[in-house]
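So the sequence lines, in the order shown, correspond to chains X and B. All residue numbers for the first sequence refer to full-length UniProt numbering, where the first residue is 1 and numbers rise by one. All residue numbers for the second sequence refer to full-length UniProt numbering, where the first residue is 1 and numbers rise by one. For glycine and all other residues, C-beta sits at the position ideal for the given N, C-alpha and C. What follows is a short report on a single structure.
2 protein chains.
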Amino acid sequence: MNDRTRLLIIGGDAAGMSAASQARRLRGADDLEIVALERGEYASYSACGLPYYVSGEVAHADDLVARTPEEFAERDIELRMGTEAVGIDLKRGAVATVGADGRQGEERFDRLVIGTGAVPIRPDLPGSDAEGVFGIQTLPDGVALRRYLADHPPRRAVVVGGGYIGLEMAEALLRRGAEVALVEAAAEPMGTLDPDMGRRVREAVCGMGAEFFPNAPVTGFETGDDGRVRAVLTENARHEADVVVLGLGVRPNVDLARGAGLDIGPSGGIATDARMRTSAEGVWAAGDCVESFHRVSRAPVSIALGTHANKQGRVAGTDIGGGYARFAGVLGTAITKICGLEVARTGLNEREAEQAGFAFETVTVESSTRAGYYPGAKTMATKMIAELGTGRLLGGQIVGAENAGKRIDVIATALWNAMPVGEIASMDLSYAPPFAPVWDPVLITARKLADKVR
Amino acid sequence: MNDRTRLLIIGGDAAGMSAASQARRLRGADDLEIVALERGEYASYSACGLPYYVSGEVAHADDLVARTPEEFAERDIELRMGTEAVGIDLKRGAVATVGADGRQGEERFDRLVIGTGAVPIRPDLPGSDAEGVFGIQTLPDGVALRRYLADHPPRRAVVVGGGYIGLEMAEALLRRGAEVALVEAAAEPMGTLDPDMGRRVREAVCGMGAEFFPNAPVTGFETGDDGRVRAVLTENARHEADVVVLGLGVRPNVDLARGAGLDIGPSGGIATDARMRTSAEGVWAAGDCVESFHRVSRAPVSIALGTHANKQGRVAGTDIGGGYARFAGVLGTAITKICGLEVARTGLNEREAEQAGFAFETVTVESSTRAGYYPGAKTMATKMIAELGTGRLLGGQIVGAENAGKRIDVIATALWNAMPVGEIASMDLSYAPPFAPVWDPVLITARKLADKVR
């Protein structure tokens, strides 16, 4: 058994466990030993499901867990829970560990996959570590918040940051009956959309009862004598709060990688090639901790998202398993459901297109999710951005009612293929009254934009 | 006024009126006179909405009408109702007409657009013209059927032909409380899908209460002494019927074009170039009466569908207006909703791929419309067909619950770009628990098929 290759994986979530599973598919247990270290008490779970767990729409934390350590064990993958990697020694091929009981150890490796994920951005402000201030990045975060909400039913909640997680949490808190204030540094929420589209999202959130405070960077948190948060402070206001949820985004967790001397890229994630190989021989990285190639801007970006983590982990596992696979890059596609609105985007928004040096035009079209006469037809707004001259699609955004959002995948597929909007307008997309008007919103928007860029 | 160009349009529906509208956008009324002839009492309506009108989900026939003659008049387009074109004299530039009152006339033209649509295939069998036997192609057909159903509430209805319209009508009749028998010449309904996918549709229709009779070509109709239909006859059975709906498909209506000596293509539709110009100078054709280039098989096909009619009409109108546009061809994309199932297809099915000479592999994947733990997650089946060796996608089919069907547009967009399935599997499609599992069904299917073709 001692001449087996030993694959060690740091991080038992999407990236790491996809790598483990794929490596196992390609190499049997007599050839490859696989051990994954997970510092927490949950592994292989859907972080994207957290808001629905906090709202109660998903009943149990375990519902979010895709596979248990026992299930991995059946495939000869050892998933060791409560074991934190605290240092990587590349020369010796060893990872220093600390167990949940504080015991130190060491794990040898021949091959290493780093899947350390992301860490929430927490403001370095007075009171940010008060009781009742929650980040919401991990399943234990969600469990802690839901328990806190049950123990201290909040009258008034403040959400700091109006991105995906902030808005989803605002809705979850509204569903739990709290008054919700949403405090945002920018003029509109959902900064990955353009402000004209973010406005539509803001109107939906406010329509469900939240108060929105724009242009209000947080300056601190007021704490009571009991150590619990009492208010969120901005330059011009004080927002009373029984509970505060931080939705300020995440950054790649690269401390271990940096400590080991691996190259970190300009966007802050671990640098890898398309086969997810880091700058060190025999070390791969995948998931929220790495940076990816953006297919439109052609720049490296750090985007924390389960889809990329799964794909990248699978690519790493294929490479380790002796197969061939490449991660083809990202478009920045994302979708969410906020207060009944479907919100989606792909590619570059106006600000990103400017930063990438594109000259462009945009069009926003309001149209209908179904044929106008069909029951349940509702409004949706579709925005597209295209390069001047070439007419090449650069990005798209959708905000609309039920059945609107998933159309972003059509735009993403067109973007993947660098299609000009004039050609997108002529595509043979599906039509029947329950699904679309005879000119699908994607086609109308592309057509109008084609007229504008030529 | 007499040196204006006179554009005459035969057929006041999607193709013709799109051509009219687009020509008008590009050329003012002082330069171009536009007259459209419509033989019926309705123009510019959604034929695809007919089943929903018959079922009662759409209340009024007028709801299906996109624009009235008065609205066209406001844009200086004269839409002359109840006027049938009965002959085209290309040499003299004139069309012979007959009015609703039987009066004969003649319309001169400088430019002509033929948008004569399709005619339902009616079997030449005994009793096929009995009272109570309905084709369902035009809005008057739908009005007549709905009136008949109100006057003679059927105990037992027979639908002949299990294609889109047949199945939609079967559901509409079930909704009206009739017993429904579906009589089909093939082994499974929905012949534009492969039988393994058609089976899923059949199960849904039968689950809603219809009886399905496969391998049962109709041999005739039994008629009562009152002239009304009493039964549908097949080789081995007799199906009692108070009302019969024929869903045997349509063929291009090319009688006028053929009479004028225009080229008719091998698929039976009027032959045009990509600018929708027929074989005669100054004569365009568009919509269900023409044949189109299929982008995958590279063969001409006749597909009657509103989306193509609208796009082709617009191309013709652009050309007539002095602009430049081409119709880029079709993929055979289609979608419908049957008894709660969403059913969609694009590209070639197995039979069509064989006919086109492709060697191929297929994969069918059952997965989920949403993250498995998210409320409302349901099953969907996705099938893809790819060429051996190149891995190029050839077609896709989807049968599944709510939110499944519109994913066909992602497959259609990939197909439009002739993507290999291995690359489709790596695309950055949107993910959030309410919308998809972390690996979207499209990605999983493409990935599994990529493994199979390589």
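query: Residue(s) in a DSSP beta bridge with Trp-284/X; result: Val-113/X, Arg-277/X
query: Residues near Arg-454/B in its chain [Cβ-Cβ closer than 8 Å; skip 5 each side]; result: Gly-391, Gly-422
query: Cβ-heavy atom distance, Ala-425/B to the ligand GTP, below 6 Å; result: With respect to small molecules bound, the structure shown includes none, and the ligand GTP cannot be examined in it.
query: Contacts around Asn-349/X, its chain only, beta-carbon distance under 8 Å, and the 5 residues preceding and following it disregarded; result: Thr-192, Leu-193, Asp-194, Ile-385, Gly-395, Gln-397
query: Start-to-end residues for the beta strand (DSSP E) that takes in Ala-15/X; result: That residue, Ala-15/X, is in no beta strand (DSSP E); its alpha helix (DSSP H) goes 14–26.
query: Proximity winner among Leu-174/X, Phe-327/X, Gly-322/X, Val-65/X, relative to Ala-204/X (alpha-carbon distances); result: Leu-174/X
query: Glu-342/X classed as buried or exposed, judged by whether at least 16 other C-beta atoms fall within 10 angstroms; result: buried
query: Val-54/X in three-state terms, based on DSSP; result: helix
query: Reference residue 456/X; option with closest CA among Met-169/X, Glu-38/X, Leu-331/X; result: Lying before the first or after the last residue shown, residue 456/X is absent from chain X, which here runs from 1 to 454.
query: Members of the stretch 366–387 of chain X near chain B, C-beta cut-off 8 Å; result: Ala-371, Tyr-373, Tyr-374, Pro-375
query: Under the three-state DSSP convention, the category Gly-156/B falls into; result: Reading the sequence as shown, one finds Arg at residue 156/B and not Gly. In the structure shown, Arg-156/B sits in a strand (DSSP, three-state: E or B).
query: Residue burial classification, Tyr-373/B (beta-carbon count within 10 angstroms, cutoff 16); result: buried
query: Reduced DSSP secondary structure (H/G/I, E/B, other) of Met-208/B; result: coil
query: Sub-7 Å separation of Val-35/B and Glu-78/B beta-carbons; result: yes
query: At least three beta-carbon pairs within less than 8 Å, the stretch 291–307 of chain B to the stretch 430–438 of chain X; result: yes
query: C-beta neighbour in chain X for Met-197/B, strict 7 Å; result: no
query: Chain-ordered chain B contacts of Trp-284/X [CB-CB under 7 Å]; result: Here the premise fails: no neighbours, minimum Cβ distance about 17 Å.
query: Best match in Val-218/X, Asp-242/X, Leu-388/X, Thr-83/X for proximity to Leu-233/X [C-alpha to C-alpha]; result: Val-218/X
query: Inter-residue Cα distance where the pair is Gly-166/X and Gly-142/X; result: 13 Å
query: Straight-line Cα distance separating Gly-161/X from Ala-94/X; result: 40 Å
query: Bridge partners - His-239/B, DSSP secondary structure assignment; result: Val-232/B
query: Per-residue burial, Gln-104/X [other beta carbons within 10 Å of its own, 16 or more giving buried]; result: exposed
query: C-alpha gap between Gly-249/B and Gly-198/B, whole angstroms; result: 17 Å
query: contact_flag[the stretch 252–259 of chain X, the stretch 275–295 of chain X] where n(CB pairs < 8 Å) is 3 or more; result: yes
query: Span separating the alpha-carbon of Asp-196/X from that of Pro-189/X; result: 10 Å
query: Chain B within 7 Å of Cys-48/X, Cβ atoms only; result: yes
query: Contact with chain X by Pro-266/B, beta-carbon distance below 7 Å; result: no
query: Cutoff 7 Å: Met-427/B Cβ touching any chain X Cβ; result: yes
query: Pick from Gly-49/B, Asp-76/B, Gly-56/B that is closest to residue 496/B, judged by C-alpha positions; result: Limits of chain B in this structure are 1 at one end and 454 at the other, which puts residue 496/B out of reach.
query: Per-residue burial, Gln-22/X [other beta carbons within 10 Å of its own, 16 or more giving buried]; result: buried
query: Coarse secondary structure for Ala-425/B, derived from DSSP in three states; result: coil
query: Closer than 7 Å to chain B by CB, Gly-422/X; result: no
query: Neighbourhood of Ala-216/X by C-beta, 6 Å cutoff - its chain only, sequence neighbours within 5 removed; result: Val-183, Thr-234
query: Within 7 Å, strictly: CB atoms of Gly-269/B and Pro-252/B; result: yes
query: Cβ neighbours of Thr-333/B in the same chain (closer than 6 Å, five flanking residues each side left out); result: Thr-346, Ala-412
query: Alpha-carbon spacing of Gly-163/X relative to Ala-172/X, whole angstroms; result: 14 Å
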